[in-house]
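Participant: Shown below is the structure under consideration.
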Amino acid sequence: MEEALAKIRPHTTSNLAHQKAPANLLQALESTFQEKHTDRTPTAYFAALITTLDGSIQKKETSLGDGDVLPAELYLLALVAPFVPPPVIQTNLNTLLSLTAPLFPALMAHAPPLRSQLTLYNAVFRALDKSQLDVSAVRQSFASILQLCLDPRPKVRKKAADIVKDVLSFPPSPLIRHPYAQRVAEWAHIALQQASSGALPKSKSSGKGSDTSAAETAIHLLAFLRPVLPHLPLDAIPPITTTLLTLPRLGNPYLSQAAYSILSDLFTASTTTGTASAIEQIPAVLNAVLESPPPKADNSISPSWIRVLGDAMFAYHVADASACAAEFNKVWKTVWSYFETKHPQTRKAVAESLASLTRCITSSIVKDSISDGEAGKSPLRSIISQITKALDSLAFASAMQELLSVISALVSNLGVRVDPAKSTTATEALLMPLVSKIADLRVQKGFEHKEAADAVLSTAMRVVGPAVFLAAIPLNLEPSDRQAGKEPRAFLLPMLNQPHPSLLGHFVSYFVPMSERMFNLQQKADSEGRQSEAKVWSVLVAQIWTGFAGYCHAPSDIKTALTPAFSQLLSQLLYGQPDLRPPVLRGLKALIESNKIIASQVDTDMGESSTTDNAITPEQASKNLVFLKTQVESWFAVFFNVFGSVDRDNRGMVGDVIGVWAGLAEKQDIAKAYRKVADLFRQSLQQSDNGNTTAMTQDLLILLIPFLDAQDVAALFSTCLAQERGYKILAKLLEKGKVEEDALQTFQRLDELSVGLAPAAKKDRFILLSLLILRVPSESLHIIPSLIPEAVLGTKEPSEKARSAAFELIVAMGQKMSQGGVVKRSMVDGMDEDGAEAQASINEYMTMVAGGLAGASPHMISATVTAVSRLVFEFRESIDTQMQTEVFTTLLVFLSSANREIIKSTLGYIKLAIHTLPTELLRPHLKELVPALLAWSHDHKNHFKAKVRHIFERMIRRFGWNDVYQAAGEDQAAKVLVNIKKRKERAKRKRAREDEDEEDEEAGFPGCLSFTIADDLIQATKGKVPTGDAFEDVLYGSESELDDSDEDEQVSRPVAGPKRKGVEQGVRLRVDDDEPMDLLQGVASRLTNAQANRRRKPGQDAGHFKTDTDTGKIVINEDEESDIEVSSRKAAKDVAGSAYRESMTSVDGFTRGPNGRIKFNKDTKKRRRENEDEDGDVEMADGAATATKKNKRPTEPKLGHEFKAKKAGGDVKKGGVDPYAYMSLSQAAKKKGRNRTGIAGKR
């Protein structure tokens, strides 16, 4: 509420009456609160506004103009009401209704105050209980709002519809459905009947406009009905559905489209929510929809009509599968007939509807088709034959993309077992010839829908498994297959990496020997110098092993497939093949996780259409896990060795696999592995030069921590507590809750290690201290003051992670202090022994941290200011006003400091305070704050000028221009604020011009949206990327909205010509002069969406060369420059290509960290020297090698070189050509050396 009111207060000086009146009224109310010492609560505002409204009505000040009081009162009431507690509204209901309900007739002609009244009633209705909803005045008000849902004014209509939806969405407790739902349903039904009979109220205008008004009102009614339908009673849905079916008969395309769309939403909701609201009427709806098909050329109604059929059939299938099966063939034929249209949206709707119909295929339909044989005429066989013919038909050429998506849905939904005793699926029995045909199309050169074909093949691979799939569609990758002329299908290999029903033994028997043969071919090609061929075989081997994870998803043959020989092969790959290590690790991880998931499930009957029928049972998964437990010890040895051999950056995946297998291992296996790693960790700690082993064993111990018992955890804690390199393990132990230790004793032992702490260990130490603070007893908070200096200085660490951890420690100590307790000052180091005890609070903690402001070094003072800023941000609602004022006035003094490090931190606090603290606290200090900031407004170092300008922009937005300007004082200083105001106004005018240009361009080119998108991208790149940390975003983000230069930057826009309307670039036939075209078979491979003149033809580049008349060979003249040489020479001159490298390496470049923060490159001598070298001209010539290292200094240009004529003819004068060049005396005076020319021309 305060944010909304803060936007109104500055408008007291506005020139617009409708803005100025609420602001003046708000100012008067708040001045009254201040005089009576009343808190500014929502209840206080609500009571004051009700009193003011009552007075205005009694005085008969009921005019509704822009500057009148009544609209302002309604506006503020609507703003405050959502924040008022419901009991307050319930108590004052009668007063509120008596004042506002009689205003409805007068407000009908004034939209702005009417919208305010509607917003007010939205909050009122949601606050009432069931008994108050039956009050006649409340029911009458709701009826008035219900009629406004058909108002011709869009904003009023939308506001009324939103109120009805919100009221029905939040029924009073404990009701499930709102008492007004039945009334809304009756009103909607009556209005729909009037719409279908043409009896809706028409506008006063006569003639053609009357019918238009009635149709528009019907469309408004349907727009209102769409979000409200889910909240209506179930028994009210059937009559509404019946009436909706009559609307398309009126002949209005928009009305028909909206009606069909609502029916689709209704059926979709009935299937997703499990309600039977429209299930009973599905047969009648289907017949009614089927009897009124739109013309195929009608592109506006057809998509919605087709979607209704698909959604209704699926809802029918959920309710009564057998009855739906009887209508399946009829509906399929009806929808399929629209596939030949040229309209893309209709084809897309047909594909979606047919995909829904494939979900309605029952087991009886499948069994009839299989028993019917290949030459049978069952409905499913007829559909498959129809689809197969469509692939070669020219009539379905434009629908090839959608047709393939329908095939993919059919393959997916037929993935059910025909016989539970066998593993054969319906897809394997019925669709494999169709899938083989698509695979043949995929390898043809002219086929352009390869992505859609890959989706079909991938779905088939997932449903039937590679064992069945590759038996019908082989890979043809080996040399013998190429010699036989078979087309290779390497694109199938990436499809193996998905869960499928094939056994792991198939990978062992089929792909492992194939990968070995390909590896031998790679070695042979590599030894013979055929590097490109070796690379091909290497990629194929990697793709084969990428599919290993797909075989590891709960296979039923783990015991027979995971033999010692295969396990040894996997171990060798992990050791010796870094490229194959990730897929092998993913497979071993999936082996455990998939069996665990299935073993934890309850063995329930799977649905007919489920594609997981081939998954193993929970009993089989449990047996697999028992077998895998016997393999844990041997695999631990392999994983640990691999973990120690790879780089630290690549250990993440190995660690994940270790964690998964450790969760399966027995306690004795975990204990045995822990003892080995712990012994190695202790040995590495004793060897100071063995940091890599320490880090490796430390990471392994962290992975094993969740699975250790209490005895091992205690021993590990004691070991790590004596070493600073064990901070990371200690933090993990505390985070997992595996250890219970005395926090005070732990702090004492950690304090002994704080001297000479390595920078790399500070982050882990801060994290450990943050976790320990939470365990400190409330009567032992004296430990916190001793940690504050270390934490505060940690905010200045070079490492960003260490700084973040230090901030978290500061916040954790503040949260501990805010929970209460006792700080024994006598036990704090450096304090008097007879010091009194202090009660722990956030104010006391702020006092402790602020003690660093008296530090001896600027570094400590700056760090303290930063720490205080973080605390002010985190505990802004807990710190009392007096403490906030003291902190602000204290840090305000540091703006006069001469140290830039202190100033930088203080400016950050000022920016945060203006953004976070309430305006009442800051306004009294503007006279001291504004002059102090203006003192740094001209300082360019450390970006102080830009930071100060941004602070002033925020101040002007929060306090208003007048208050800030009056606090500036001196005329010279006030010029900075005037400049900011002018720049802001200039920026507004610029944005207004750009908006007008965009509107003009969109009006000129309705189809071109690239301009708006480009502008959005340009605007998006101007702002800083949010880091995800609210404190960082406030402190460093949200830079100034104004440009650094006063000149407007013109953004170049691409010039796009007007597109011709009505010209659709459809599907074309590709003409091949060498072969005759057969339009009856294989048409899909001869279709193209590209224009004929833009398509690249084979051998077209050869036409640029001369040919030998005798042999026909291309003749290349060595004296002529080739295209490659010309392009390389042009690229050498092109400096734009080096922009990215310059941004990374030059003095003016920058890099962006992982959290989005920008870090500018340092201006070093080396960078400047490299830039100077790169700026020189580089000529790519044969004699470039003769360049020597002489003359590192750039040669000085001769005197007057800028006046030298280009053609060496001298300067042109009236009398002819003057062979001399002229220069100013100031230039001559700057030349130095023995032979310089003096000003007087003397030697």
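Under my numbering, the first residue of the sequence shown carries the number 715, and numbering increases by one thereafter. Yeah, the Cβ is synthetic: ideal placement off N, Cα and C, and Gly gets one too. Here the structure is a predicted model, which means the values were calculated and not measured.
DSSP on M1320, reduced to helix/strand/coil?
Facilitator: With a pLDDT of only 38 at M1320, under the threshold of 50, the placement of this residue in the model should not be trusted, and no figure is reported.
Participant: What residue ranges within the segment 1513-1577 form continuous alpha helix (DSSP H) runs of no fewer than 4 residues, ordered along the chain?
Facilitator: 1514-1532, 1556-1564
Participant: Using the Cβ count rule (16 or more neighbours within 10 Å means buried), how would you classify P1963?
Facilitator: In the structure as shown, the chain begins at 715 and stops at 1957. Residue 1963 is therefore absent and cannot be evaluated.
Participant: Taking the alpha-carbon positions, what's the N1557 to S728 distance?
Facilitator: 41 Å
Participant: Near A1037, which residues of its chain fall below 8 Å by C-beta distance, leaving aside the five closest residues on each side in sequence?
Facilitator: P997, Y1030
Participant: Under 8 Å by Cβ, that's how I've got A1104 and L1117 pegged, so tell me the actual separation to the nearest angstrom.
Facilitator: 6 Å
Participant: Among all the DSSP beta bridges, which residues are the ones paired with Q1131?
Facilitator: Note that residue 1131 is Arg in the sequence shown, not Gln. The bridge partners DSSP lists for R1131 are T1139.
Participant: Using C-beta distances below 6 Å, list every residue in its chain close to G1535, excluding the 5 sequence neighbours before and after it, in chain order.
Facilitator: S1492, L1495, A1554
Participant: On a Cα-Cα basis, can you pick out the residue from I1616, D1594, F1521, G1528 that is closest to A1570?
Facilitator: I1616
Participant: For V1690, which residues in the same chain have their Cβ closer than 7 Å to its Cβ, ignoring the five residues on either side in sequence?
Facilitator: L1648, S1651
Participant: To the nearest angstrom, how far is it from the Cα of T926 to the Cα of Q908?
Facilitator: Reliability fails at T926, whose pLDDT of 44 lies under 50, so the model's placement of it is uncertain and no value is given.
Participant: Starting from the Cα of R1637, find the closest Cα among V1368, F1354, N1676 and give me that residue.
Facilitator: N1676
Participant: Going by C-alpha to C-alpha distance, which of P868, L864, E900, A841 sits closest to S883?
Facilitator: A841
Participant: For G1264 and L1145, I'd like the C-alpha separation in whole angstroms.
Facilitator: 22 Å
Participant: Please name the residue, chosen from P819, L821, T755, that lies closest to P799 on a Cα-to-Cα basis.
Facilitator: T755
Participant: Using the three-state DSSP reduction, which class does H1267 fall into: helix, strand or coil?
Facilitator: coil
Participant: Mapping the DSSP letters down to three states, classify H751 as helix, strand or coil.
Facilitator: coil
Participant: Could you check the C-alpha separation between A899 and T960 for me, to the nearest Å?
Facilitator: 17 Å
Participant: Would the segment 1235-1248 and the segment 1175-1191 be scored as touching if the rule is three or more Cβ pairs under 8 Å?
Facilitator: no
Participant: What's the C-alpha gap between P1572 and L1483?
Facilitator: Approximately 26 Å, taken between the alpha carbons.
Participant: Ignoring anything shorter than 4 residues, give me the alpha helix (DSSP H) runs that lie fully in the segment 1188-1240, in order along the chain.
Facilitator: Secondary structure within the segment 1188-1240: the alpha helix (DSSP H) runs of 4 or more consecutive residues, fully enclosed, are 1193-1197 (chain order).
Participant: Could you tell me the distance, in whole angstroms, from the CA atom of L1206 to the CA atom of E1142?
Facilitator: Taking the CA atoms as reference points, L1206 sits about 18 Å from E1142.
Participant: Roughly how far, in whole angstroms, is the beta-carbon of V1579 from the beta-carbon of F1608, given that I think they are within contact range, below 8 Å?
Facilitator: The beta-carbon separation of V1579 and F1608, rounded to 7 Å, stays under the 8 Å limit for a contact.
Participant: Taking only the alpha-carbon atoms, compute the straight-line gap between K1904 and T1878 and give it to the nearest angstrom.
Facilitator: Because K1904 carries a pLDDT of 42, less than 50, the predicted location of this residue cannot be relied on, and the following value inherits that uncertainty. Going from the Cα of K1904 to the Cα of T1878 covers about 24 Å.
Participant: Taking C-beta to C-beta, are L1585 and G1508 nearer than 9 Å?
Facilitator: no
Participant: Exposed or buried, S1576, counting other C-beta atoms within 10 Å across all chains shown (16 or more means buried)?
Facilitator: Buried.
Participant: Assuming F1354 and R1365 form a contact by the criterion Cβ under 8 Å, report the distance between their Cβ atoms to the nearest whole angstrom.
Facilitator: Between F1354 and R1365 a beta carbon distance of about 11 Å is seen, past the 8 Å cut, so the two are scored as non-contacting.
Participant: Between the segment 1277-1284 and the segment 1251-1261, are three or more C-beta pairs nearer than 8 Å?
Facilitator: no
Participant: What's the gap between the Cα of L745 and the Cα of D782?
Facilitator: Sequence inspection shows Ser at residue 745; the Leu mentioned does not correspond to that position. The alpha-carbon atoms of S745 and D782 are separated by roughly 20 Å.
Participant: Alpha carbon to alpha carbon, how far is A1445 from I1419? Give it in angstroms, no decimals.
Facilitator: 11 Å
Participant: The alpha helix (DSSP H) with P819 in it runs from where to where?
Facilitator: 818-821
Participant: Among M1027, K773, K1273, which one has its Cα closest to the Cα of S1336?
Facilitator: K1273
Participant: So the alpha helix (DSSP H) A1649 belongs to, where does it begin and stop?
Facilitator: Per DSSP, A1649 is not a residue of any alpha helix (DSSP H), being assigned neither H nor E.
Participant: Pick helix, strand or coil for E1449, following the three-state DSSP scheme.
Facilitator: E1449: helix per DSSP, three-state reduction.
Participant: Counting Cβ pairs, one atom from each stretch, are 3 or more of them under 8 Å apart for the segment 1216-1224 and the segment 1196-1203?
Facilitator: no
Participant: Within 10 Å of its beta-carbon, does Y789 have 16 or more other beta-carbons around it, so buried, or fewer, so exposed?
Facilitator: buried
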